Structures are given as C-alpha cells and as structure tokens.
Amino acid sequence: MTTTPSAGGEISGNVLFYKSPEPLNREQHAKLALVHKDQPYGFAAAGTAVPLTVSEFAPAALTFPVIFAGEDRVPLAVMGLNQQENLFISADGAMETNVYIPAYIRRYPFVLANDDSQDRLIVCIDRGSDLLTENGQTPLFDAKGEPTEYTQNCIRFCDDFEVERRRTDSFVQLLKDLDLFELKKATFQPQDANGNPDGELVTVAEYFGVSEEKLNNLPAEKLKELQTNGALAQIYAHLVSLLGWERLITKTMLKQAAANLN
Numbered sequence: 265m266t267t268t269p270s271a272g273g274e275i276s277g278n279v280l281f282y283k284s285p286e287p288l289n290r291e292q293h294a295k296l297a298l299v300h301k302d303q304p305y306g307f308a309a310a311g312t313a314v315p316l317t318v319s320e321f322a323p324a325a326l327t328f329p330v331i332f333a334g335e336d337r338v339p340l341a342v343m344g345l346n347q348q349e350n351l352f353i354s355a356d357g358a359m360e361t362n363v364y365i366p367a368y369i370r371r372y373p374f375v376l377a378n379d380d381s382q383d384r385l386i387v388c389i390d391r392g393s394d395l396l397t398e399n400g401q402t403p404l405f406d407a408k409g410e411p412t413e414y415t416q417n418c419i420r421f422c423d424d425f426e427v428e429r430r431r432t433d434s435f436v437q438l439l440k441d442l443d444l445f446e447l448k449k450a451t452f453q454p455q456d457a458n459g460n461p462d463g464e465l466v467t468v469a470e471y472f473g474v475s476e477e478k479l480n481n482l483p484a485e486k487l488k489e490l491q492t493n494g495a496l497a498q499i500y501a502h503l504v505s506l507l508g509w510e511r512l513i514t515k516t517m518l519k520q521a522a523a524n525l526n
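Dropping the structure here:
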C-alpha cells in the first residue's frame, strides 16, 4: 500500500465526512498527531445514512435499518430520517451508548482513495479534521519519519475495510443476479391523543430491500447455496433490521417534541 501519489496524480473516491482528503505524506504530515477526544464523532453528526460492509449487517441490525440505495444498491445504515441529521450522534460528537459504530466512521480520519493516474489505492487523511493537529497526543510519524504503530494500525484497518468493501460488492451483485431487490417503503401511522389511528399512512422513506417473496420462491438448491456461502444469514440480518424503522420514527418524534417545548 502506498501513501504517496505519483506526480500529477489525482485522487478520487467516495469520501463522505472528509472535508479535505490528501495523500498521507511523511514530509508534509511529519508533525501531525491525533487529538484524543472523549466525544470524537462530531464529523458524522450530519450523517443521515452511512455505508456498511456486508459483515456489519448483523451487529448494525440491532440498532439501525440496513437498506440498499441507488442504482448500485449501496448498503447503508440509516441513522436518521431528516437530511443532515444523525439521531445517534450529537453535535458535540457524543455517540449514544450501546450503539454499533459503522467501520466507515471508525476509520476516520484515514481513508483509501483512488490514484487515477496509476490505477491504485493510496492512503489519505482528512487534513480538515480537528482530530489531527500538531498539538495532538498520538503522532502519525516517529522521529525517523516512519509511520507510528497507531498509523500502521489505521492503514491496516483501511486495508481490511477495502477487502470487506469488495466482498460487499460481490454480495450485492449476487442479489442483483438473483433479482431479489424490490422497492420498499417505511411508513408511519399518525395517532390521536388516545392512541387511535388519525389520518392516512405517512411515507417516511423509500429504499431498496430484499423481497421476501422472491427469496422464498428461489429453488431449494439456490437457497442451499446462499446458506452455504453465508449470504442467507446476511439477507436475514437485513430483513430483521427493518424493524428498526419504528425506533427511528419514535426517536424523531421525541426529538421534535423536545424542540417544540423549547
């Protein structure tokens, strides 16, 4: 894995949350160090939906709806219902306790990006992050200019994340090939003061998910194949996670009620 792009190389890639990603460089970043914060997740406070890898479906399902979005059917953990709102991370960077933290968030402020000129991945950091300053506690490089143990661990984490991302691409392609996706809706039933239905159902989100009907209609040998390769367990984790819409709706209503009182 390289940390320096070729001369004139342009980096590209999906860098949600990253203000100013730039290739990690021992000369430019020699004095940078990680700032230790008890509440370090402020950068993700506006992250309504965060990318997931397939191996995260089961732990994420305990907290969030796991959905698929867009033409590429990108797996996402839904962490809020309103744009630029994360119901589990406060503006000061505090994460709600007992909540799964997606690897996409945990790898910050490091990330891998494409070096288009060389068709390779390079290690980058978010130079705009307030977690990296010259007054931080954990240096990125040692006195000899070599990556510290912290930096090496971060690079390995990014490498592992890339492996999982590729596995996720293969998983999604499998679901596409089997034509298992369908458009789904998350709805909310308004109620009156007595808890009785009041008005029509309100759609709070539209997304792609696995069709249980299509899944159940697969040939027995195909279901066995999905079970053997582990895909079936991930599909069921996704389906179970959809019960989490109710939790998101309740949290949103409570937050709005508290705001109205103020």
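Numbers 265 to 526, taken from this note's numbering, label the letters of the sequence shown in order.
Glycine included, every Cβ here is placed at the ideal spot set by N, Cα and C.
Note that this is a predicted model, so its numbers are computed, not measured.
Item, Value
"Any chance the CB of Ala495 is under 7 Å from a heavy atom of the ligand FMN?", "Looking for the ligand FMN in the displayed structure turns up nothing, as the structure carries no ligands at all."
"Apart from the five residues just before and just after Phe421, which ones in its own chain have a Cβ nearer than 6 Å to its Cβ?", "Arg371"
"Going residue by residue through the region 403-487, where are the continuous beta strand (DSSP E) segments of at least 3 residues, counting only ones entirely within it?", "445-452, 466-474"
"Which class does Gly272 belong to by DSSP, given the choice of helix, strand or coil?", "Confidence is the limiting factor: at Gly272 the pLDDT is only 33, short of 50, which leaves the residue's position unreliable and the question unanswerable from this model."
"Considering only residues of the region 272-327, which uninterrupted beta strand (DSSP E) runs meet the minimum length of 3 residues and lie entirely inside it, listed in chain order?", "285-287, 313-315"
"Have a look at the DSSP bridge pairing and note the partners of Thr397.", "Ala297"
"Assuming Gly306 contacts Gly357 under a Cβ cut-off of 8 Å, what Cβ separation, rounded to an integer in Å, is found between them?", "3 Å"
"Look at the alpha carbon of Gln348 and the alpha carbon of Glu360, and state the distance between them as a whole number of angstroms.", "17 Å"
"Answer with buried or exposed for Ser505, where buried requires no fewer than 16 other C-beta atoms within 10 angstroms of its C-beta.", "buried"
"Would the beta-carbon of Val314 fall within 8 Å of that of Ala355?", "no"
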